[in-house]
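A.B. asks: In the numbering used here, the protein residues as written are 2 to 322. Beta carbons are placed, not taken as given, at the ideal position from N, Cα and C, and that holds for glycine. Everything numeric in this text was worked out from a predicted model, so none of it was measured. First the structure, which I've put down as structure tokens, then a few questions once you've had a look.
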Amino acid sequence: MAQELLFTQPVFHGKIWGGRKLHDEFGYDIPDGPVGECWAISAHPNGDCLVGGGSYDGRYLSDLWQNERQLFGDAEGDRFPLLIKILDAKENLSVQVHPDDAYAAEHENGSLGKRECWYVLHAEPGAQIIVGQKAKNREEFAQMVEEGRWDDLLYQVPIKAGDFFMINPGTIHAIKAGTVILETQQSSDVTYRVYDYDRVQPDGTKRDLHIPQTLDVVDFSLVPPASGAVATPQIDGVTELGKCPNFEVVRVRVTSDAPVTLRQDHPFMCVSVSAGEGGSVKTPAGEWKLVKGSHFVAPAQSGDLTFTGTMELICSWVPAE
Ligand code: ZN
Numbered sequence: 002m003a004q005e006l007l008f009t010q011p012v013f014h015g016k017i018w019g020g021r022k023l024h025d026e027f028g029y030d031i032p033d034g035p036v037g038e039c040w041a042i043s044a045h046p047n048g049d050c051l052v053g054g055g056s057y058d059g060r061y062l063s064d065l066w067q068n069e070r071q072l073f074g075d076a077e078g079d080r081f082p083l084l085i086k087i088l089d090a091k092e093n094l095s096v097q098v099h100p101d102d103a104y105a106a107e108h109e110n111g112s113l114g115k116r117e118c119w120y121v122l123h124a125e126p127g128a129q130i131i132v133g134q135k136a137k138n139r140e141e142f143a144q145m146v147e148e149g150r151w152d153d154l155l156y157q158v159p160i161k162a163g164d165f166f167m168i169n170p171g172t173i174h175a176i177k178a179g180t181v182i183l184e185t186q187q188s189s190d191v192t193y194r195v196y197d198y199d200r201v202q203p204d205g206t207k208r209d210l211h212i213p214q215t216l217d218v219v220d221f222s223l224v225p226p227a228s229g230a231v232a233t234p235q236i237d238g239v240t241e242l243g244k245c246p247n248f249e250v251v252r253v254r255v256t257s258d259a260p261v262t263l264r265q266d267h268p269f270m271c272v273s274v275s276a277g278e279g280g281s282v283k284t285p286a287g288e289w290k291l292v293k294g295s296h297f298v299a300p301a302q303s304g305d306l307t308f309t310g311t312m313e314l315i316c317s318w319v320p321a322e
């Protein structure tokens, strides 16, 4: 029997760099104050999503992963592997780097490392991001940090809506002010902060920095991208954005005269409506209304997904080995 779609209820995180766009642009009911992150599809303990509606209404995604593994094609692993976020950066995020799986397992209580990727939903004119750094080795990096030579050290790239960036473990990076992105990442919350613009929080303290860990994990062999422009073609509404061992990400554009059907032959697929008026998705198990800001997991037995309406979707799954 075809399985119904699992619509997730986002979890919101207040951040000193956040804004109000998650309410103003996406219509979410968010807490007061600056809110930076919407954890849209997550089974991570720091923001586990409830499923809303249907047979699994009111159950956490982590619970379904642990106890209803057939929904995920009996995929292996002790935790749901992906985490989908929307980030509203009204101010600059800290300059940071994430470890790979091996380093995180050893130094962060068995956590996963973190590979992430960004699809730019909105960028103010002149917006930039930091992706990569210019030091040749650990010693040079340490010296530039010590001397506060951030402009010499950090590699900046101008961005526009529709850009895509793969951020591998070991890449120095920061989302900067005036940017809204949809992030697809490994389900990990391990961040090493190397620079926070000397900002002070409302309680008068500064956020912790993690310079020794940063020096351990920066990959000095990585070459920064010249831009985030997407060069792959759009075929039947679908554009491949990025593929790595942890996830594959596509953008789907649905227009009123061009519905799109996606084969769902993966153990599971994460789907987010990132822009547009909305519409609906139909499967052998039913039909659901979609609006900008809807998120769901299509389980293993969902059957194919047919989208009608006017909207942009970002979809991801774990590639077969
Ligand atoms: Zn990051």
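Can you list, in chain order, every residue whose CB sits closer than 7 Å to a heavy atom of the ligand ZN?
C.D. replies: Listed along the chain, these residues meet the criterion: Q97, H99, K115, E117, I168, H174, T192.
A.B. asks: Any idea if M2 is buried or exposed, counting beta-carbon neighbours within 10 angstroms, 16 or more meaning buried?
C.D. replies: Translated into positions along the sequence shown, residue 2 becomes position 1. Classification of M2: exposed, given that the 10 Å Cβ count is below 16.
A.B. asks: According to DSSP, F13 sits in a beta bridge with which residue or residues?
C.D. replies: Looking up residue 13 in the sequence shown gives position 12. Looking at the DSSP assignment, F13 forms a beta bridge with C39.
A.B. asks: Is Q214 closer than 8 Å to Y196 when the C-beta atoms are compared?
C.D. replies: As a first step, residue 196 must be located in the sequence shown, where it is residue number 195. As a first step, residue 214 must be located in the sequence shown, where it is residue number 213. No, the Cβ-Cβ distance between Y196 and Q214 is not below 8 Å.
A.B. asks: Going along the chain, which residues of its own chain have a beta-carbon closer than 8 Å to the beta-carbon of N209, five neighbours each way excluded?
C.D. replies: In the sequence shown, residue 209 corresponds to position 208, counting from 1. One detail in the question is off: residue 209 reads as Asp in this sequence, not Asn. Same-chain partners within the cutoff: R194.
A.B. asks: Leaving out five residues on either side along the sequence, give the residues of the same chain with a beta carbon under 7 Å from the beta carbon of A276.
C.D. replies: By 1-based counting over the sequence shown, the position of residue 276 is 275. Within the same chain, A276 has close Cβ partners L122, K293, M312, E313.
A.B. asks: Does the structure place the stretch 163-173 close enough to the stretch 64-79 that three or more beta carbon pairs sit under 8 Å?
C.D. replies: These segments do not touch.
A.B. asks: Helix, strand or coil for L6 per DSSP?
C.D. replies: Looking up residue 6 in the sequence shown gives position 5. Coil, per DSSP.
A.B. asks: By Cβ distance, which residues of its chain are closer than 6 Å to S222, with the 5 residues on each side in sequence left out?
C.D. replies: The count along the sequence shown starts at 1 and reaches residue 222 at position 221. Excluding residues within five positions, none has a Cβ falling inside 6 Å.
A.B. asks: Rounded to the nearest angstrom, what separates A232 and D204 at their Cα positions?
C.D. replies: One-based indexing of the sequence shown puts residue 232 at position 231. One-based indexing of the sequence shown puts residue 204 at position 203. For A232 and D204, the distance between alpha carbons rounds to 45 Å.
A.B. asks: CB of Y29 to nearest heavy atom of the ligand MG: below 7 Å?
C.D. replies: Only the ligand ZN can be found as ligands here, which leaves the ligand MG out of the picture.
A.B. asks: By the three-class DSSP mapping on this structure, what secondary structure does R139 have?
C.D. replies: As a position in the sequence shown, residue 139 is number 138, starting the count at 1. Here R139 sits in helix by DSSP.
A.B. asks: Taking just the CA atoms, how far does T9 sit from G55?
C.D. replies: Counting from one through the sequence shown, the residue named residue 55 turns up at place 54. Counting from one through the sequence shown, the residue named residue 9 turns up at place 8. So the alpha carbons of these two residues sit roughly 11 Å apart.
A.B. asks: Would you check if the stretch 31-41 and the stretch 3-23 touch, i.e. whether three or more CB-CB distances between them fall below 8 Å?
C.D. replies: At 8 Å Cβ cutoff, the stretches touch.
A.B. asks: In the structure shown, what three-state DSSP assignment does P226 receive?
C.D. replies: Sequence index remark: in the sequence shown, residue 226 carries index 225 (1-based). P226: coil per DSSP, three-state reduction.
A.B. asks: Is K161 buried or exposed, if buried means 16 or more other CB atoms sit within 10 Å of its CB?
C.D. replies: Walking along the sequence shown from the start, residue 161 turns up at place 160. Flag for K161 reads exposed.
A.B. asks: Excluding five sequence neighbours on each side, which residues of the same chain lie with their C-beta closer than 7 Å to the C-beta of G287?
C.D. replies: Counting from 1 along the sequence shown, the entry for residue 287 is found at position 286. E5, listed in sequence order.
A.B. asks: On the DSSP bridge assignment, give the partners of H123 in chain order.
C.D. replies: By one-based count along the sequence shown, residue 123 stands at place 122. Note: H123 sits in a beta bridge opposite V181.
A.B. asks: Rounded to a whole number of angstroms, what is the C-alpha to C-alpha distance between C50 and Q144?
C.D. replies: The residue you call residue 50 lines up with position 49 of the sequence shown. The residue you call residue 144 lines up with position 143 of the sequence shown. Distance between the alpha carbons of C50 and Q144: 42 Å.
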